[in-house]
Each structure stands twice: as structure tokens, then as C-alpha cells.
Amino acid sequence: MIEQWFSALTRRLLRRGGFASRDDLETQITAYTVRCNRTARPYRWRYDADAEHARYLERHTQYPCHPGAFDRAA
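Shown next, in the form of C-alpha cells:
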């Protein structure tokens, strides 16, 4: 999730690159962080591990690369 935050920081602030100095850059990043923290919402995780596992098994059991690979216990 930190990757998403840095991606948004890059898109919304850094890519424009209109900073007069290093101190200005630091001030704007701090202001962006304060705005994000003020309007933060919980992230809603939508990953369904069971569905992904079923898709994996479907792909890998149809055409096993080694015959009998799925016959033995894991």
C-alpha cells in the first residue's frame, strides 16, 4: 500500500517539478502528507485468495508439465 501512496505523490506533486528550492520541495511534500493524513480512509482489500487458488489449480492441473506430479501428496 505504500507503493500506492508514493505513486500518487509522484503523479500529483513530483511530476510537475515546479520547486524553487529543496526547502520548497520539502515543504510541499510535508503539506501533501498532511492533506493525505487528514482525508485518509481505510483501504478496502478486494483480493479473493480462494478464487485465485481455484484459477491456479485449474491452469496447472489441466496440463501438468510432469505426468503424475499432482498424484503424490504435498
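Note that the numbering used here has the sequence shown beginning at 11, numbered continuously upward. For each residue, glycine too, the CB sits at the ideal point set by N, CA and C.
With distances taken between CB atoms, is the gap from residue i to residue j smaller than 7 Å?
i	j	result
residue 11	residue 66	no
residue 29	residue 23	no
Going by C-alpha distance, which of the options is nearest residue i?
i	options	result
residue 43	20, 26 and 28	20
residue 15	64, 50 and 31	50
Please specify which runs of the alpha helix (DSSP H), each continuous and at least 4 residues long, are wholly inside the segment 19-75, giving them in chain order. Listed in chain order, the complete alpha helix (DSSP H) runs (minimum 4 residues) inside the segment 19-75 are 32-48 and 59-72.
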